[in-house]
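Enquirer: Chains as they are written, first to last, in this note's numbering: chain P, 1 to 186; chain Z, 1001 to 1186.
Glycine residues also receive a C-beta, built at the ideal position from the N, C-alpha and C atoms.
This one's a predicted model, so the numbers in the text were calculated from it and none came from an experiment.
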DNA sequence: TCATAAAATGACACTCTGTGCCATAATCTG
DNA sequence: CAGATTATGGCACAGAGTGTCATTTTATGA
């Protein structure tokens, strides 16, 4: 049921836009009542944060399972790339979804909010690693920076389009690591 | 008028919370009609992004005026700290405002969305600097990273509270620059 | 197979947000 | 002061989201 609603919603969003899609229509297309829609999703917007948060959880899990000898940030990058590739397989219209999340301010906010909820989760995993032990705040910051690079990579992918998403992500992460490099040092 | 509405709104938000405050009440306390409220603000939430976006514009302006011989990232940090200190003076309940923006998911989203709008603005300023010329994407990434560090600094300030905000911002920026340092290198 | 408990769904009424429309009041301009 | 422009208020309406209760579906045990 949950999947049916999600599908119906995304079809409509892609077709006529987020605002012009009413919960009424989504429900009808999914074959349930309006009231039932709100039993599965707290709001129309939650349709979005839903998948984003799920994504974050999977990254955190994959990250937690990484081999111990792998450097923390490399493992985090691995995890993000792995889940991204999985996701690209499952999602019907990844670029359309992303488009909405960049164009519609409300959805953009939702997306970023969901993304920011990864921070403590990933930060906690980072904190387990030897190199980071004992500096929770720093772990959270690093996690947040990776989330930001992740977001920027998606933005580039969405805007430029000729380079695939994993490549953009790798690029952004490389640039993140090089932030303190020769060019931008102060 | 705009200021009256803003004041009335924040007083109510701080008193009873964002959700439990209706536009009806805000308008009444500000001495205008509900309809007029929506002429000044597109939505209840816009009350937030409003100040955040204004903040970002001031940072970008201050950044643009920085002496040319100052290193770009140092100048950006200066600008952010300067505007922050200005803002702390003007704002009535900075911590309460911030609290709402961290606790209420909707507002958190709004805040992050507004914050993310700084990115192209700041990125464009960075691109003017010699060291960054010609790499717009990288400029945007760096700008986004600074915004993230800025956000994390606020989060720490809100959570810990015993350290003042400018100090937290300086700390976060220092950690950002050290991301590639000995501890976290991969 | 059937009765009963539990869970899911639908129907309805209600509050609140946000918007279009038009009338009225305030303000500006000559 | 007259006329034009602009700000405001009032009203009606669509849509989001919620509480409540009746009804249906599903699960469970004899």
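1. Quick one, are the C-beta atoms of residue 126 (chain P) and residue 143 (chain P) less than 8 Å apart?
2. Using the beta-carbon of each residue, which ones in chain P are nearer than 9 Å to residue 1022 (chain Z)?
3. Using the C-alpha atoms, what's the distance from residue 43 (chain P) back to residue 114 (chain P)?
4. For residue 1022 (chain Z), count the other beta carbons within 10 Å of its own beta carbon; 16 or more makes it buried, fewer makes it exposed. Which is it?
5. Would you mind working out which of Z:1161, Z:1094 and Z:1150 sits nearest residue 1170 (chain Z), comparing C-alpha positions?
6. Can you give the Cα-Cα distance for residue 1041 (chain Z) and residue 1118 (chain Z), rounded to whole angstroms?
7. Which of helix, strand or coil does DSSP assign to residue 18 (chain P)?
8. Rank P:10, P:13 and P:6 by C-alpha distance to the C-alpha of residue 39 (chain P) and give the top, closest one.
9. At 4 residues or longer, and completely inside the stretch 9-76 of chain P: list those alpha helix (DSSP H) runs for me, N to C.
10. Would a C-beta distance cut-off of 8 Å place residue 77 (chain P) and residue 173 (chain P) closer than the cut-off?
11. With C-beta atoms as the reference, is residue 1101 (chain Z) less than 8 Å away from residue 1094 (chain Z)?
12. Kindly indicate which residue of P:62, P:67, P:68 and P:73 has the alpha-carbon position closest to the one of residue 82 (chain P).
13. Take residue 1018 (chain Z) and list the residues in its own chain whose beta-carbon comes closer than 7 Å to its own, dropping the five residues that flank it on each side.
14. Answer yes or no: does any C-beta atom of chain Z fall closer than 8 Å to that of residue 109 (chain P)?
15. Have a look at P:53, P:70 and P:134 and flag the residue whose alpha-carbon is nearest the alpha-carbon of residue 147 (chain P).
16. So that I know if they touch, is there some Cβ in chain P lying closer than 8 Å to that of residue 1141 (chain Z)?
17. Tell me which same chain residues have a C-beta within less than 6 Å of the C-beta of residue 47 (chain P), skipping the five on either side of it?
18. Relative to the C-alpha of residue 69 (chain P), which candidate in P:166, P:135, P:164 and P:131 has its C-alpha closest?
19. Note down, in chain order, every chain P residue with its Cβ under 7 Å from the Cβ of residue 1175 (chain Z).
20. Straight-line CA distance for residue 1098 (chain Z) to residue 1159 (chain Z)?
21. Are residue 1141 (chain Z) and residue 152 (chain P) closer than 8 Å when you measure CB to CB?
22. How long is the line joining the alpha carbons of residue 1037 (chain Z) and residue 12 (chain P), rounded to whole angstroms?
23. Report, in whole angstroms, the separation of the C-beta atoms of residue 110 (chain P) and residue 45 (chain P), which I expect to be a contact under 8 Å.
Expert: Put simply:
1. yes
2. Simply none; closest approach about 18 Å.
3. 14 Å
4. exposed
5. Z:1150
6. 20 Å
7. coil
8. P:6
9. 23-30, 34-40 and 46-64
10. yes
11. no
12. P:62
13. 1100, 1104 and 1107
14. yes
15. P:53
16. yes
17. 9 and 41
18. P:131
19. 138 and 141
20. 10 Å
21. yes
22. 32 Å
23. 5 Å
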